[in-house]
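As given, the protein sequences belong to chains A and B, one line each in that order. Per the working numbering, the first sequence starts with residue 1, numbered consecutively. Per the working numbering, the second sequence starts with residue 1001, numbered consecutively. Just so you know, even glycine gets a beta-carbon here, dropped at the ideal spot from N, CA and C. Quick caveat, the model's predicted, so the values are computed rather than measured.
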Amino acid sequence: MNPDSIVPDVLPAVLLTGIEKSFGTGSSITRALRHTDFEARRGEMLFLVGPSGCGKTTLLSILAGTLRPDAGEVVVYGHDLHAASESERTAFRTRHLGFIFQQFNLIPSLSIVENVSVPLVIQGKKRREAEGRAADALDRVGLGDRLHERPGKLSGGQQQRVAIARALVHDPPLIVCDEPTSALDRENGRRVMEILRDAADERGRTVIIVTHDPRIYSYADRMAEMEDGRISRLLDSPAAIATAHPDT
Amino acid sequence: MMRLGLRMLFGDHAKYGMLVSGIVFATILITQGAALFLGIMSWMCSTIRNVRAEIWVADPRVEMVADQKPLRETDADRVLSVEGVKWAAPLYTGLQTVKMDDGSSKQVTLIGLDATTLAGAPPRMVEGTLEALRLPDGVIIDEYAVDDLGKALGRPLAIGDVFELNDHRAVVVGICKAYRSFTGGAYLFTTYDRALGFVPAQRKMTSFVLAGVNTGESPAAVARRIEAATGLRAFTEREFMESTIRWYVANTGIVYNVGTIILIGFIVGTVVSGQTFYSFVLENTRNLAAFKAMGASNQSLCGVLVIQSVTVGLVGFGIGQGIVALLGRMLLALEKVPFLIVWQIPAGVLLAITGICILAAFLGIIRVARLEAALVFRA
């Protein structure tokens, strides 16, 4: 698999078909995903919502190539991740994915510019280039004046903006976010979502967000609701989302 | 990636301090134990090191330098008659008591050298000359005796001072440098005949016969010829030191005691550093999983762990060796504690520390290899 292969824009960014995933063995087996189909388009911001344990995070892990399904097809930007070897999936993630985690996952002993440079360092970029691009990314999220501070000195909202800068620094076409606003207050949550919205609009990136936070539903282009390991409902437009969730 | 790994390590001051201190402790304990062992062994061999001779001839049952089964004086002539022997001279060595003017007494090691050749004389004189040994009642004392025997006088002993050696008058005619003896006493050198006058008479008085070999002869080969021709036991200088050390190792508990210190050092280092490093990896599990999710390979993450571990090992080893060196200087200045470091000790300790670091890194590597990148998404 060539991670740089050119894929026609008409193909969906992410296409999951007939995904099965179980955890445990014997009588303690848990079916996290039950023959699930899923599709994300290029340049859209798609939300995955649903109650705890419904399989959102498992689905996110599979489409991000960090977890292998028991059955089904996983095609992301034209690459068949189910058939790919571990090292091929690792190489794919390096170039094509940006991650934003619920707990930020910033290294406390590194400065924020070093934290943001991590994806580029993993790609093998030289320190000077990596930190230069990291500084630009931090500038874009409004933290260009705090490059050499440690994450511990930043607020939760600022830390999540650092995490966004890290997810965008290597210019990946797909951003996956796991509860990006759950640890933030309304104002910081709004700011984070606006940055992600810009990331999707400006560069045509696909942003897939797992969330429980109804405060941010208005940012979604589409929403997939999950229940018992399946997509139970697909809300195909902002208007449909607003209708289904009028209180957001 | 390696640089970031090191920044992660150095940034966690508490863990880094714990890791390094575990290695420092291990380094100090292992090095100190080994240096103590070698120091004791060198003190055991101090008579051999102070009386330099290519070959030492002894009774066939003798295994070490302090084990004395006297020879006949004529044995020196028998040794001299062996092919390849250039010279042979009798040597007296034994513990004797010096009595000072104030009535106090000290134990010393008395060495009696052949008066004609002065074979086995101390190689480094500080004051006076070797030839002065031929003056009446003359003895050469080592630097330790200057202070030790001088305590009774309230000043350092000097050339011309007089004391009693087994009720016989002895006059200091020179001061030399000598290695310390394990018994803690000073070394006194005199002529062989005068030494026999200082000590109670016995039927056989020659402790050893010293011998030199002709140019081009191998001391070991000549020693074997002496054994074959005389029935006595002959050692080269190195053989005699090794035999002496072997005897102490086999007949005393010293090797077990020192071995225990070294083992404890290794265990302390392994447990403290291994456990701390493992907990460092555990605490960073989520970050490592994030690295994996972002595309870091197992190989590069394991490389980071190895670099972190080796860095801790080298820093701890360096600090530990520095502390031992300072400690050693202090101990050697005191001249009362056996301490000897040869290059093999730091080299061996570096190997042991490397073993500890590999073990510590290995525990982390197992963890990282089993780590699922998807873990980063779990709450």
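Between residue i and chain A, is there a C-beta pair that is closer than 8 angstroms?
i          : result
Gly1011(B) : yes
Ala1014(B) : no
Ser1279(B) : no
Leu1371(B) : no
Phe1362(B) : no
Asn1050(B) : no
Met1001(B) : yes
Met1294(B) : yes
Ser1297(B) : yes
Arg1007(B) : yes
Arg1286(B) : yes
Phe1291(B) : yes
Excluding sequence positions up to five away, which residues of its chain have a Cβ less than 7 angstroms from the Cβ of residue i?
i          : result
Leu1359(B) : Thr1270 and Gly1274
Gly1033(B) : Val1258, Ile1261, Ile1262 and Gly1265
Val1065(B) : Cys1045, Thr1047, Ile1048, Phe1240 and Thr1244
Thr1276(B) : Lys1015, Met1018, Leu1019 and Gly1022
Asp201(A)  : none
According to DSSP, is residue i helix, strand or coil?
i          : result
Met1002(B) : helix
Met1018(B) : helix
Trp1343(B) : coil
Gly72(A)   : strand
Ala1158(B) : coil
Leu1165(B) : strand
Ser1273(B) : helix
Tyr1248(B) : helix
Ile29(A)   : coil
Ala1223(B) : helix
Cys1045(B) : coil
Thr17(A)   : strand
Met1294(B) : coil
Glu88(A)   : helix
Gln83(A)   : Before going further, note that residue 83(A) is Ala rather than Gln in the sequence given. Coil at Ala83(A), not helix or strand.
Ile6(A)    : Annotation note: pLDDT 46 at Ile6(A) (below 50); position unreliable, no value reported.
Thr1236(B) : strand
Met1100(B) : coil
Ser147(A)  : It should be pointed out that residue 147(A) corresponds to Leu in this sequence rather than to Ser. Residue state, collapsed to three classes: coil.
Ala1361(B) : helix
Report yes or no: is there a C-beta of chain B within less than 8 angstroms of the C-beta of residue i?
i         : result
Glu114(A) : yes
Asn264(A) : Given a span of 1 to 248 for chain A in the structure shown, any question on residue 264(A) remains unanswerable.
Ala84(A)  : no
Val14(A)  : no
Arg146(A) : no
Leu120(A) : no
Thr94(A)  : yes
Arg127(A) : yes
Ile164(A) : no
Phe99(A)  : yes
Leu33(A)  : no
Just mark residue i as buried or exposed, buried being the case when its beta carbon has 16 or more other beta carbons within 10 Å.
i          : result
Asp4(A)    : Annotation note: pLDDT 44 at Asp4(A) (below 50); position unreliable, coordinate value reported separately. By the neighbour-count rule (16 or more Cβ atoms within 10 Å), Asp4(A) is not buried but exposed.
Pro1346(B) : buried
Tyr1192(B) : buried
Ala1014(B) : exposed
Thr1183(B) : exposed
Lys21(A)   : buried
Met226(A)  : buried
Gln160(A)  : buried
Pro172(A)  : buried
Asn1287(B) : buried
Trp1343(B) : exposed
His1168(B) : exposed
I think residue i touches residue j, with their Cβ atoms under 8 angstroms apart; what is that distance to the nearest whole Å?
i          : j          : result
Ser117(A)  : Glu149(A)  : With 8 angstroms as the limit, Ser117(A) and Glu149(A) do not qualify as a contact, their Cβ atoms being about 15 angstroms apart.
Ile1030(B) : Val1349(B) : 5 angstroms
Gly65(A)   : Arg89(A)   : 4 angstroms
Gly1128(B) : Ile1111(B) : Not a contact, Cβ separation roughly 16 angstroms.
Phe99(A)   : Val176(A)  : 6 angstroms
Ile1307(B) : Leu1038(B) : Not quite, the Cβ-Cβ distance comes to about 33 angstroms (not below 8 angstroms), so this is no contact.
Val17(A)   : Gly229(A)  : Residue identity check: residue 17(A) is Thr in the sequence provided, not Val. Contact doesn't hold; Cβ gap of about 15 angstroms is too wide.
Ala1053(B) : Gly1120(B) : 5 angstroms
Near residue i, which residues of its chain fall below 6 angstroms by C-beta distance, leaving aside the five closest residues on each side in sequence?
i          : result
Ala1058(B) : Phe1208 and Arg1233
Cys54(A)   : Met226 and Glu227
Ala249(A)  : Look at the range of chain A in this structure, 1 to 248, and you will see that residue 249(A) is not part of it.
Ala1223(B) : Ile1055, Ala1234 and Thr1236
Tyr1144(B) : Ala1186
If I measure Cβ to Cβ from residue i and keep anything under 8 angstroms in the same chain, skipping five residues before and after, which residues do I get?
i          : result
Gly152(A)  : Pro108
Gln102(A)  : Asp178, Glu179, Pro180, Ser182 and Ala183
Trp1043(B) : Tyr1179, Arg1180, Ser1181, Phe1182 and Pro1338
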